[in-house]
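Trainee: Residue numbers (my numbering): 835 to 965.
All C-beta atoms, glycine included, are put in the ideal place defined by N, C-alpha and C.
This structure is in structure tokens; I'll ask about it shortly.
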């Protein structure tokens with residue numbers, strides 16, 4: 835079906851604090867935001883800061899166990915802005931959708947970390963400057 839998007843991962847309506855760094859802007863500090871929903875492959879949040887579709891970002895968050903199916907863990911995610919939606923009745927600020935291309939998970943109380951790609955090869959992410 836043309837024009838239809840089918841989500842590959844379940845989205846959870848959770849408000850999780852995020853740290854968002856716009857990649858390619860080294861002198862610009864990260865900003866904080868609160869997610870409106872999250873999945874293992876992306877996140878949606880509201881902000882008034884200037885972001886553009888296609889912009890690479892790094893997001894750090896504490897991913898809850900209900901999303902991962904395991905214990906909660908800190909995720910460092912590299913991805914890109916895939917959707918911008920103007921503010922509306924439900925959102926006081928514009929909302930931003932980010933698709934994760936790659937993430938590194940650090941489990942709480944563990945020295946182990948896990949690297950994962952999200953639907954793309956790691957090489958493709960690196961070639962776009964995603965990490």
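Which whole runs of the alpha helix (DSSP H) in the region 897–942 are 4 residues long or more, in chain order?
Mentor: DSSP runs (the alpha helix (DSSP H)) wholly in the region 897–942: 899–902.
Trainee: Apart from the five residues just before and just after residue 847, which ones in its own chain have a Cβ nearer than 8 Å to its Cβ?
Mentor: The answer, listed in chain order, is 870 and 871.
Trainee: For residue 908, which option in 941, 867 and 862 has the closest C-alpha, if you only look at C-alpha atoms?
Mentor: For the options 941, 867 and 862, the alpha carbon positioned closest to that of residue 908 is the one of 941.
Trainee: Give me the Cα-Cα distance between residue 912 and residue 930, rounded to the nearest whole angstrom.
Mentor: 15 Å
Trainee: Alpha carbon to alpha carbon, how far is residue 878 from residue 866? Give it in angstroms, no decimals.
Mentor: C-alpha separation (whole angstroms): 13 Å.
Trainee: Which residue from 881, 876, 891 and 851 puts its Cα closest to that of residue 858?
Mentor: 891
Trainee: What did DSSP end up calling residue 885 once you bin it into helix, strand or coil?
Mentor: coil
Trainee: Between the alpha carbons of residue 855 and residue 904, how many angstroms are there, rounded?
Mentor: 26 Å
Trainee: In chain order, what residues of the same chain have a beta carbon less than 7 Å from the beta carbon of residue 906, not counting five sequence neighbours either side?
Mentor: 896, 897, 898, 899 and 942
Trainee: May I ask you to list the residues that DSSP assigns as paired with residue 892?
Mentor: 855 and 912
Trainee: Take residue 829 and list the residues in its own chain whose beta-carbon comes closer than 7 Å to its own, dropping the five residues that flank it on each side.
Mentor: Not covered by the structure: residue 829. The range shown for the chain is 835 to 965.
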